[in-house]
Structure formats: structure tokens, C-alpha cells
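Letter 142 of the sequence shown, counting from 1, is numbered 153 in the numbering used here, and no numbers are missing. What follows is one structure encoded as C-alpha cells, with my remarks underneath.
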Amino acid sequence: MWRNTIIGYVYVAMGVVYVMPALMCLSVLIGLPVIQNSSYKMLWFISFLDVLNITACCFFAGFYSLTGADYLNTPSMLTVGSITLACWVSYCAMNVILGIDRVFCFCSARWYRRMFSGVKAFVWIGLAVLAGVQMLMPFDGEQFYHYDSTIGGWRFELKPRGNVSLTEF
Numbered sequence: 012m013w014r015n016t017i018i019g020y021v022y023v024a025m026g027v028v029y030v031m032p033a034l035m036c037l038s039v040l041i042g043l044p045v046i047q048n049s050s051y052k053m054l055w056f057i058s059f060l061d062v063l064n065i066t067a068c069c070f071f072a073g074f075y076s077l078t079g080a081d082y083l084n085t086p087s088m089l090t091v092g093s094i095t096l097a098c099w100v101s102y103c104a105m106n107v108i109l110g111i112d113r114v115f116c117f118c119s120a121r122w123y124r125r126m127f128s129g130v131k132a133f134v135w136i137g138l139a140v141l142a143g144v145q146m147l148m149p150f151d152g153e154q155f156y157h158y159d160s161t162i163g164g165w166r167f168e169l170k171p172r173g174n175v176s177l178t179e180f
């Protein structure tokens, strides 16, 4: 068990600094005149994923660094890591979808209404969520996303099928 208290305190401090503007953006984007636009629905979802990612990458990572936790003595770390990876993939997919939304908005109003207006924005949000959820499904082996206190960062590894325990890493 290797503790890195300096990185832990830096992560927690960064989380406090970063989560406040993210929560303010989230509260503004949920307002009634704004949320009726499909682009702002997507921006709200992106801001929501920002808050989740800040929580995992700053607060959880800070806690894990301060306590010297690893995946052997903190099994919940694997769940937090998997959910963090899924949120990050959804976040990336949503940003690409928002970029496509903006291109359609500027190039063709007819295609913009056809592809993104009204409730169709929720279909695109659902597709981004599916992109994240697929990261939770083991296809070629068990995904192993955990925090490493020795390097102060999250690590993604793929445990091939057939291995019995995670201690072999």
C-alpha cells in the first residue's frame, strides 16, 4: 500500500475548484427557455457527465491516493473505474454528436429539424449512453479499470478470459 498524500490533496482541491462551475452550468442549462433547444439538452447532458467525471477523477482519485487504496483492498474501486470509463466514453460520443448537431444547424435548417429537433435530441443522448454502456460489457475479456496510487492515475487493462484471479497482474 503506497500512499501519495500530495497528489491526493491536489486532486481533492482541484475537484472542489472544478465542480463549482460545472454545477453552475448544470443549473443554468436546466432553465426553461434554454432547455427547449435540442443543443442545450445535449449540453446539459455533457455538463452532467462532467460532474460525474470530476467526482471520479478528482474526489475518488484523491481519496484513493490519500488512503493508498488499491484494487485488492478496495474492491469498489473496480466498479467506480468501470462507471468512470463508461461516463467518459458517453462524454466523448456526446461531444461528437453535438459537433454534428452544430454543423447541421449552420448548414441546413431542414436537415437540422429532421435530425435533431424536439425529442430526437433524447435519441442522440440515448445513443451516447449506449456507447458508454457497451464499455461495461466484456467482449474479449474482463475490463480492469482501476486507480494506481503509485502513479497517481487511472489504468485500463484487459484481463483475458481464462485467468482465475486479479492478483496475477
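Backbone N, C-alpha and C define an ideal beta-carbon position, used for all residues, glycine too. Computed from a predicted model, the values in this text were never measured in an experiment.
Asked	Found
From this set, A33, V91 and A132, which residue's C-alpha is nearest I111's C-alpha?	A132
Closest by CA to G26, which one among G164, L37, I65 and S93?	I65
Does the Cβ of Q47 have 16 or more other Cβ atoms within 10 Å, making it buried, or fewer, making it exposed?	exposed
Which same chain residues end up closer than 8 Å to V45 when comparing Cβ atoms and leaving out the 5 residues on each side of it in sequence?	V39 and Y51
Could you check where the alpha helix (DSSP H) with A72 kicks off and where it finishes?	A72 to T78
Is Y75 closer than 7 Å to Y156 when the C-beta atoms are compared?	no
For F127, count neighbouring Cβ atoms within 10 angstroms of its own Cβ and tell me buried if that reaches 16, exposed if not.	buried
Under 7 Å, do C98 and L147 count as touching if we go by C-beta distance?	no
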